[in-house]
Every structure is written in structure tokens, then in C-alpha cells.
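Read in order, the letters of the sequence shown correspond to residues 1 to 68 in the UniProt record's numbering.
Have a look at the structure below, then the notes.
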Amino acid sequence: IFNTDKVKSEITALTNTLNQFAGAINTGTVDPEVEVPKMLEKLKSEGAYQKVLDEMQKQYDEFLASKK
């Protein structure tokens, strides 16, 4: 189970960005071929995306190491 304690604010930032785009994309109000790349770029440019991925990888690596 992923422990989110170290990245709570980043997850909030990601959620806010996803919510900003998701409604229009999911309802077909906007062209997903245009808006999805914009959303992904915003997620990556904020830095939160990479920080969460890095924390997930760190925890996974620690889990694997504990099983040896």
C-alpha cells in the first residue's frame, strides 16, 4: 500500500489539475487529442507528478529489498 504522507501536497496539486481538465474531456466538450496533451504537460511541469512517481518507486524498491 502506497504511503502518501511524504507527497500529500503533490497529490492535492495533481488532483486539482486533473479536476481542471477531466470534466470537459470526459463529457466531450473539448477535443481530447488537444486537451489531454495539455493536461499531461501541466501535470509534468508542476513537478508534483515526478515527485509522486519518485516516491512510489522508492517505496517499491524498499519493499522489494525487504523481501530478499
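Note that CB positions come from ideal geometry on N, CA and C, so glycine has one too.
Considering Cα atoms alone, identify which of 68, 58, 63 and 20 is closest to residue 6. When only C-alpha atoms are compared, the closest one is 58.
Output needed for residue 39: all residues of its chain with C-beta closer than 6 Å, excluding positions within five of it in sequence on either side, in chain order. 21
Could you check if residue 48 is buried or exposed, using at least 16 other CB atoms within 10 Å of its CB as the buried criterion? buried
With 16 other CB atoms within 10 Å as the buried threshold, where does residue 52 fall? Under this definition residue 52 is a buried residue.
Let me confirm a value: residue 10 is counted as buried when at least 16 other C-beta atoms fall within 10 Å, else exposed. Which label applies? buried
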